[in-house]
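Input: a single structure, listed below in structure tokens.
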Amino acid sequence: MPSDSSFLPPPLPRVKFKLQYLSKDAQAGSGHPSSKKPVTVLSSLKQQQIGFHPPENSLDKRIPDPGEERVMAVPQPTKSVPVKSGSSPDIDSNRLQSNSIQNDSPHVYSPPRGPQQTIIKKKQRSDFRFGKLLGEGSYSEVMLATEIHTGKQFAIKILEKRHIIREKKDKYVMREREVLSKLDHPFFVRLAFTFQDSEKLYFGLSLAKRGELLPYIQKFGSFDEAASRFYAAEIILALEHLHHLGIIHRDLKPENILLNEDMHIQITDFGTAKILDSNAKEVRANSFVGTAQYVSPELLTEKSVSKSADLWALGCIIYQLCAGLPPFRGNNEYLIFQKIIKLEYSFPEGFPAKAKDLVEKLLVLDPSNRLGCQECGGFEALKAHPFFDGISWDTLHLETPPALIPCTVVDGEEIHSVYNVDDFQGFDDGLSQHFGRINTGDTENEHSGNRPPYKYVLQITEEERKERIEKQRRENKWHRFVQDNLILKMGLIDKRKGLFARRRQFLLTEGPHLYYVDPENMVLKGEIPWSRQLRVEAKNFKTYFVHTPNRTYYLIDPEGNANVWCTAIEEMYRYTYQEQRESQQ
1 MPSDSSFLPP PLPRVKFKLQ YLSKDAQAGS GHPSSKKPVT VLSSLKQQQI GFHPPENSLD
61 KRIPDPGEER VMAVPQPTKS VPVKSGSSPD IDSNRLQSNS IQNDSPHVYS PPRGPQQTII
121 KKKQRSDFRF GKLLGEGSYS EVMLATEIHT GKQFAIKILE KRHIIREKKD KYVMREREVL
181 SKLDHPFFVR LAFTFQDSEK LYFGLSLAKR GELLPYIQKF GSFDEAASRF YAAEIILALE
241 HLHHLGIIHR DLKPENILLN EDMHIQITDF GTAKILDSNA KEVRANSFVG TAQYVSPELL
301 TEKSVSKSAD LWALGCIIYQ LCAGLPPFRG NNEYLIFQKI IKLEYSFPEG FPAKAKDLVE
361 KLLVLDPSNR LGCQECGGFE ALKAHPFFDG ISWDTLHLET PPALIPCTVV DGEEIHSVYN
421 VDDFQGFDDG LSQHFGRINT GDTENEHSGN RPPYKYVLQI TEEERKERIE KQRRENKWHR
481 FVQDNLILKM GLIDKRKGLF ARRRQFLLTE GPHLYYVDPE NMVLKGEIPW SRQLRVEAKN
541 FKTYFVHTPN RTYYLIDPEG NANVWCTAIE EMYRYTYQEQ RESQQ
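Under full-length UniProt numbering, the residue at position 473 of the sequence shown is numbered 473, and the numbers go up by one with no gaps.
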């Protein structure tokens, strides 16, 4: 993994220093001069990490300070114990005398200076300029922060001590820090530093500038096969590293997979992770953790968890990348759990065949039969699946990810848009060059004859409009969904979300508005938001896309009048955002 000099190694918790004088025999055996020299060693960190039992009402001492600046005084080579970041050294208590020196200074304990001394200055809140909120959790929030003296940006996770103690979340906090300190892989967020003040703890994490994976799935409906393959491969490499360290994530889902500036994944959120003992293959779960749509069946039936639980979640995520929705869905958690236990799911039309075979080998009720587990050949067998043909596993983190392009599957054929994800970062009028002018000539609809909708709105008087609204209220069953706006065009359209389609009644009205209604249950399901950034793109006689800043709507007209809809929407756009502006000048 490329190194970044701006990242400090994960600091150790506040520690006590104990001084021990070696006997002359010991000095001689280790090559020391005959005079006594103090040897500074660290007391066990494990007790510091789990010792949340200070005097009552002492909040500062209940939460160990993982960012306290520290001094390590190491003499010339002796049999001192090496200390690895994120781990606890095994110290022989018989070597330690009862006397100890407590770090009482508000800054740092400073023993006599020498060439072997290392001083790391503790960071504090005033070192940063805090910006927007990046995310929120049950007991924390993540803020964008810029380090003032370097200009470097971080995602700082802020945890309130009182809440942690009240909700007994201390073990989750320490577990997350312990896991982060162990990770050294490009597909995980990195812990750069930690510090605290009287009320809060701060974890400085590497910034994933592109945010969560989930909004991209929602924006595009689903990924095409190339993008699904690439991101599934990156998740697999991340899990391989995690499981090699004996760590189970236990809450793997698109919300916990971030994307860095180059669109590579950065897995995060290890508060519910499980660190296995060296010989343990599975452990008993003392509490339910995870998210309903991605939880493994063995956790629901046997209350046990193993590394295969992450492989189950991987299968759910690959399904979601390809189809747009997770495989197990329901109106509440109980119904979702029942479907998981019964392995009740199906593949929509257009789901890639190789991806289907892979998902079926991952979503297996018996955790010992899931592709990728030790009993089934491990990660090498998983990476050898035909779905990943062409993946360069050793250099994947150096490759340019495939462009995310709006895409849907109609009659077994992938239909792509003409632009990719980068266009969303600055979605403005300049994008019209991608689409051009939809010029289909005059078209008819049930209200305006051969006149474009915007001209129809302009040409009627207010009195005539009132009369037409009154007639619409009496005779048109869809009127109750449009908030007394005049309907300009309507019709049944198949609205696709990923590979799933729902037939909806679309209603284009003045305003402008574009409502869609469930025609069977007569329920308003939503409205496509209008803005200057809205664009329409006709793909063929039936299929057209409506692009908005946060989502692309894939629409199929079963009557084959996609161009008519595009023209109507575009003319309303021109009237609203161009001709109205010109008339006001």
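C-beta atoms are modelled at their ideal positions from N, C-alpha and C, and glycine is treated no differently.
None of these values were measured; they are calculated from a predicted model.
Between A238 and H244, what straight-line distance do the alpha-carbon atoms span, to the nearest angstrom? 10 angstroms
Which same chain residues, not among the five before or five after L321, have their C-beta less than 8 angstroms away from its C-beta? I217, S222, F223, A227, S228, Y231 and A232
Alpha carbon of I469 to alpha carbon of T509, nearest angstrom: 11 angstroms
For the 8 angstroms Cβ check, are there 3 or more pairs between the stretch 122-132 and the stretch 166-177? no
Taking the straight line between their C-alpha atoms, what separation do you get for I493 and R504? Answer to the nearest angstrom: the Cα atoms are 5 angstroms apart.
What residues are listed by DSSP as bridge partners for C407? H416
So, does the stretch 184-193 touch the stretch 299-313, judging by three or more C-beta pairs under 8 angstroms? Look at the beta carbons and you see the stretch 184-193 not touching the stretch 299-313: under three pairs across the two are nearer than 8 angstroms.
Where the alpha helix (DSSP H) through I265 begins and ends: Secondary structure note for I265: it is in no alpha helix (DSSP H), and the uninterrupted beta strand (DSSP E) holding it is I265 to I267.
Here's the rule I'm using: 16 or more other beta-carbon atoms within 10 Å means buried, otherwise exposed. How should G271 be labelled? buried
Rounded to whole angstroms, what is the Cα-Cα separation between I164 and L180? Using only the alpha carbons, I get a separation of about 19 angstroms.
Would a C-beta distance cut-off of 8 angstroms place N260 and R329 closer than the cut-off? no
Buried or exposed for T400, going by 16 or more other Cβ atoms inside 10 Å? exposed
Roughly how many angstroms lie between the CA atoms of T268 and W530, to the nearest whole one? 34 angstroms
If I measure Cβ to Cβ from K356 and keep anything under 6 angstroms in the same chain, skipping five residues before and after, which residues do I get? F347
Helix, strand or coil for S23 per DSSP? Reliability of the predicted coordinates at S23 is poor, the pLDDT of 43 falling under 50, and the value obtained from them is presented with this limitation in mind. Coil.
Applying the criterion that 16 or more other CB atoms from any shown protein chain within 10 Å of the CB defines a buried residue, is L398 buried or exposed? exposed
Inter-residue Cα distance where the pair is T567 and N561: 10 angstroms
Coil, strand or helix - F427 by DSSP: Confidence at F427 is low in this model, with a pLDDT of 36, below 50, so the placement of that residue should be treated as unreliable; the coordinate-derived value is given next. The answer is coil: DSSP assigns F427 none of H, G, I, E or B.
Roughly how many whole angstroms lie between the Cα atoms of V305 and E240? 17 angstroms
Backbone secondary structure at A208 - three-state DSSP: coil
If we ignore side chains and look at the alpha-carbon of each, how far apart do K466 and R480 end up? 16 angstroms
If you measure between the beta carbons of L358 and F387, is that distance less than 8 angstroms? Cβ atoms of L358 and F387: closer than 8 angstroms.
Thinking C-beta only, is T548 closer than 8 angstroms to I528? yes
Taking C-alpha atoms, which residue in V142, F128 and L252 lies nearest to K152? F128
So what does H578 bridge to, in DSSP terms? Looking at the sequence itself, residue 578 is Gln, so the reference to His does not match. Q578 is not bridged to any residue.
Suppose you measure from the CA of L362 to the CA of Y345; what does that come to, to the nearest Å? 13 angstroms
Just to confirm the assignment, what range does the beta strand (DSSP E) spanning residue 634 have? Residue 634 falls outside the range modelled here, since the chain spans only 1 to 585, and no answer is possible.
Within 10 angstroms of its Cβ, does D277 collect 16 or more other Cβ (buried), or is it exposed? Under a 10 Å Cβ-count criterion, D277 is classified as exposed, with fewer than 16 other Cβ atoms of the shown protein chains found around its own Cβ.
Going straight from the alpha carbon of A145 to that of S417, what length do you get? 36 angstroms
Between N445 and the rest of its own chain, which residues show a CB-CB distance below 8 angstroms, the 5 nearest in sequence each way excluded? Because N445 sits at a pLDDT of 40, beneath the cut-off of 50, its placement in the model cannot be relied upon, and the point is left open.
Roughly how many angstroms lie between the CA atoms of R535 and V546, to the nearest whole one? 6 angstroms
If contact is defined by three or more beta carbon pairs under 8 angstroms, each pair taking one atom from either stretch, is the stretch 361-376 in contact with the stretch 196-203? The stretch 196-203, when compared against the stretch 361-376, does not touch it at the 8 angstroms Cβ threshold.
Pairwise C-alpha distance: I257 and Y575: 41 angstroms
Collapsed DSSP secondary structure at Q533 in the structure displayed: Q533: coil per DSSP, three-state reduction.
For E349, which of helix, strand or coil comes out of DSSP? coil
Report yes if the C-beta distance between G511 and N485 is below 8 angstroms; otherwise report no. yes
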